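Comments concern the structure below.
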Amino acid sequence: MFLPMTESTYLLAERLGQLLRGPKHTVTTAESCTGGGIGQAITLVPGSSAWFEAGYITYSNRIKSKLLGVPSALIEAHGAVSEPVVLAMAAGAIQHSAANYAVAVSGVAGPDGGTPNKPVGTVCFAWGAADTLQAATVHFEGDRHDVREQSVNFALLKLIHLCEQS
Numbered sequence: 000m001f002l003p004m005t006e007s008t009y010l011l012a013e014r015l016g017q018l019l020r021g022p023k024h025t026v027t028t029a030e031s032c033t034g035g036g037i038g039q040a041i042t043l044v045p046g047s048s049a050w051f052e053a054g055y056i057t058y059s060n061r062i063k064s065k066l067l068g069v070p071s072a073l074i075e076a077h078g079a080v081s082e083p084v085v086l087a088m089a090a091g092a093i094q095h096s097a098a099n100y101a102v103a104v105s106g107v108a109g110p111d112g113g114t115p116n117k118p119v120g121t122v123c124f125a126w127g128a129a130d131t132l133q134a135a136t137v138h139f140e141g142d143r144h145d146v147r148e149q150s151v152n153f154a155l156l157k158l159i160h161l162c163e164q165s
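Residues in the sequence shown are numbered from 0 upward in steps of one, following numbering that gives the first Met the number 0.
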C-alpha cells in the first residue's frame, strides 16, 4: 500500500531527478524511520530507474549491521538514532550500491520510543558522496505520519542542495 504523498514531496523528487539525469549520477537510500518513504517518492517519478540505484530499509539494528556494515559497537555506543550511525549507513549504502550519492535516515517517529535525550520527532540524517558525507539532527513536530513526511521532504531537499552545489 502506498502512503499518500503531497504534491510538494512529488515535486521535490521530480526536481532531484532533473538534477541527477544531466550528469547521469545515481542515488541510493538507507532508511529506518521513513520505512522506504524516500525511495517511494523517488520511484513515483517516471524515469527514476535511470538515477535511483537502490533503497535499503534497515529498520532493525541487526540489519543495519548486516546489510550496510554499520558496526554494532557504533550502534551500542551512540544509539541507532545518531549522526555517527546515519553516516555509517550512508557510507555503507554507497559502498554496496556504487551510487554517486546517498541519503540515510534514522529517527523516532513516535508515538512511542522517545527518551528525554531523543524525544519523539528526533531524526538524524546523513547525505552526500562517499568522500563528502554530512550529517544533521532535526526535531519535527506532529504525529508519526507528520514526522515521517517531514523527514522524507528534508532528505529530498538535502539531496537537491547537494546536486545543485556539484
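All C-beta atoms, glycine included, are put in the ideal place defined by N, C-alpha and C.
These numbers were taken from a predicted model, which means no experiment stands behind them.
Name the two residues that bound the continuous alpha helix (DSSP H) containing residue i.
{"i": "S105", "result": "It is not in any alpha helix (DSSP H) - S105 instead sits in the beta strand (DSSP E) that spans Y100 to G106."}
{"i": "H24", "result": "Element bounds for H24: n/a, residue is neither H nor E."}
{"i": "C162", "result": "R143 to Q164"}
{"i": "A79", "result": "Here A79 belongs to no alpha helix (DSSP H), and DSSP marks it neither H nor E."}
{"i": "T42", "result": "G36 to T42"}
{"i": "S64", "result": "N60 to L67"}
Just confirm the distance between the C-beta atoms of residue i and residue j, as a whole number of angstroms; I'd bet it's less than 8 Å.
{"i": "L18", "j": "E163", "result": "7 Å"}
{"i": "E82", "j": "A129", "result": "Contact flag wrong, Cβ pair sits at about 17 Å."}
{"i": "N152", "j": "L11", "result": "6 Å"}
{"i": "G54", "j": "G35", "result": "6 Å"}
So the beta strand (DSSP E) residue i belongs to, where does it begin and stop?
{"i": "W126", "result": "T121 to G127"}
{"i": "G113", "result": "Per DSSP, G113 belongs to no beta strand (DSSP E) and is neither H nor E."}
{"i": "G54", "result": "F51 to I56"}
{"i": "T136", "result": "Q133 to H138"}
Spatial neighbours of residue i within its chain, please: CB distance less than 7 Å, with the 5 preceding and 5 following residues excluded, ordered by chain position.
{"i": "V249", "result": "Since the displayed the chain opens at 0 and closes at 165, residue 249 lies outside it and no answer follows."}
Leaving out five residues before and five after residue i in sequence, what residues of the same chain have Cβ atoms less than 8 Å from its Cβ?
{"i": "G127", "result": "A89, Y100, A101, Q133 and L161"}
Check whether the segment 60 to 73 and the segment 37 to 52 touch, using three or more Cβ-Cβ pairs below 8 Å as the test.
no
Counting Cβ pairs closer than 8 Å, one from the segment 98 to 113 and one from the segment 27 to 42, do we hit at least three?
yes
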